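Each number in our numbering corresponds to the 1-based position in the sequence shown with 5 added.
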Amino acid sequence: MDKVIKREVSQARALARVLDGLVPLPGGMRVGLDSIVGLLPGIGDMAGAAASAYIVLLAIRAGASRTAVIRMVANIALDTIVGALPILGDLFDLGWQSNTKNVAIMENDLDATGVRSHTSKAVLILIVVGVLVALGGLAYMVAAFLWLVVGKLF
């Protein structure tokens, strides 16, 4: 691996550790900021998706293949959408740990190819649009839920 790839992988690992495994729990499980911040309705899941998207950006800069990038974005989308569900989403987030999965995808892809690919700007735009659509959908779901709750209360 060249210096750029090593640097990007190292940064991705460090961020995934903070997001998915910062605090050890009894029984060997670990919880990170993604799960903790995800407890905040709507905003927490959006913040987690934004932080997760940075790992994808690191993978692109390291030269990950389009296939790897698409798999990583799918992990983030699943984590964000399911994570938005009250209680069940938070439990899912504890076990899913999309950031750790994405670093593994990144490392396996870069080790397997041994060559940096140059992911096009179109793929990067697709990722940004995909994350923004997921975040927008999530924001809409939270707003609709709050509207429903407020309507029932008053």
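Just so it is clear, CB atoms sit at the ideal spot from N, CA and C, and this is done for glycine as well.
Because the structure is a prediction, the values reported are computed rather than measured.
Proximity of residue i and residue j at Cβ, strictly below 8 Å
{"i": "A21", "j": "V108", "result": "yes"}
{"i": "L27", "j": "G37", "result": "yes"}
{"i": "E13", "j": "A67", "result": "yes"}
{"i": "D116", "j": "D98", "result": "no"}
{"i": "I65", "j": "L129", "result": "yes"}
{"i": "I60", "j": "A19", "result": "no"}
{"i": "L24", "j": "A69", "result": "no"}
{"i": "I41", "j": "R76", "result": "no"}
{"i": "G135", "j": "V78", "result": "yes"}
{"i": "D7", "j": "N104", "result": "no"}
{"i": "G43", "j": "D95", "result": "yes"}
{"i": "L158", "j": "A89", "result": "no"}
Residues that residue i bridges to, as DSSP identifies them
{"i": "Q35", "result": "Residue 35 is actually Arg in this sequence, not Gln. R35 is bridged to P29."}
Reduced DSSP secondary structure (H/G/I, E/B, other) of residue i
{"i": "I92", "result": "coil"}
{"i": "L45", "result": "coil"}
{"i": "D114", "result": "helix"}
{"i": "D7", "result": "coil"}
{"i": "F150", "result": "helix"}
For this session: Give a yes or no on contact between the region 148 to 159 and the region 48 to 62, applying the rule of three or more CB pairs nearer than 8 Å.
Result: no
Exercise. Going along the chain, which unbroken runs of the alpha helix (DSSP H) with 4 or more residues stay wholly within the region 56 to 105?
Worked result: 71 to 88 and 93 to 101
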